[in-house]
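Written below as structure tokens is the structure these notes are about.
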Amino acid sequence: MSHTPEFFRAKILAQKSALETERENLSSGYVEGDGQMSDAGADLAEIETQSAIYANLDASLAQIDAALAKLDAGTYGVCDRCGKAIAELRLVALPVATMCIECQSVVEGQI
Ligand SMILES: [Zn+2]
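Going by this note's numbering, the sequence shown opens with residue 2, and the numbers climb by one from there.
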């Protein structure tokens with residue numbers, strides 16, 4: 002690898018703080034927005050949108066923590082599924098990747 006683990010850790014930590022900021026902004030906006038909508042249907046749609054956004058954020062944060070755990074364990078860049086090295090270009094494009102592109106497409110195909 003031409004990039005050091007620290008390079009990827011910095012990228013991942015930057016993503017993590019951006020997501021955490023986004024999460025905080027969402028929750029404060031949600032509280033402040035209280036009472037501004039009178040339509041119950043719109044409220045419900047808003048809540049459903051909010052929970053979908055939270056679910057996405059939580060999934061991304063979980064992926065980030067998994068990648069950080071691999072960095073700590075010294076197994077970063079190794080595919081969780083097949084144990085082969087993940088292509089460095091893939092890691093640069095997607096630092097939180099914990100599987101190689103082949104395994105990722107297999108796993109996504111199963112869902
Ligand atoms: Zn793999």
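We treat Cβ as the ideally placed atom computed from N, Cα and C, and that holds for glycine.
**Request:** Express the C-alpha separation of residue 104 and residue 110 in angstroms, rounding to a whole number.
**Result:** The straight-line gap separating the alpha-carbon atoms of residue 110 and residue 104 is approximately 10 Å.
**Asked** Grouping DSSP H, G and I as helix and E and B as strand, with all else coil, what is residue 98?
**Response** Coil, per DSSP.
**Asked** Going by the C-beta, is residue 71 closer than 7 Å to any heavy atom of ligand 1?
**Response** Residue 71 Cβ: outside cutoff for every heavy atom of ligand 1.
**Asked** Okay, do the segment 90-107 and the segment 43-54 touch, 3+ Cβ pairs below 8 Å being the bar?
**Response** At 8 Å Cβ cutoff, the stretches do not touch.
**Request:** Report whether the distance from the Cβ of residue 17 to the nearest heavy atom of ligand 1 is below 7 Å.
**Result:** Look at residue 17: its beta carbon is at least 7 Å from all of the heavy atoms in ligand 1.
**Request:** Report yes if the C-beta of residue 82 is less than 7 Å from at least one heavy atom of ligand 1; otherwise report no.
**Result:** Correct: residue 82 has its Cβ closer than 7 Å to ligand 1.
**Message:** Assess contact between the segment 8-27 and the segment 89-98, defined as three or more Cβ pairs (one per stretch) separated by less than 8 Å. Is contact present?
**Reply:** Output reads yes: the segment 89-98 touches the segment 8-27.
**Prompt:** If you measure from the CB of residue 12, is any heavy atom of ligand 1 nearer than 7 Å?
**Reply:** Every heavy atom of ligand 1 is 7 Å or more from the Cβ of residue 12, so no.
**Any non-hydrogen atom of ligand 1 closer than 7 Å to residue 103 Cβ** = Indeed, a heavy atom of ligand 1 lies less than 7 Å from the Cβ.
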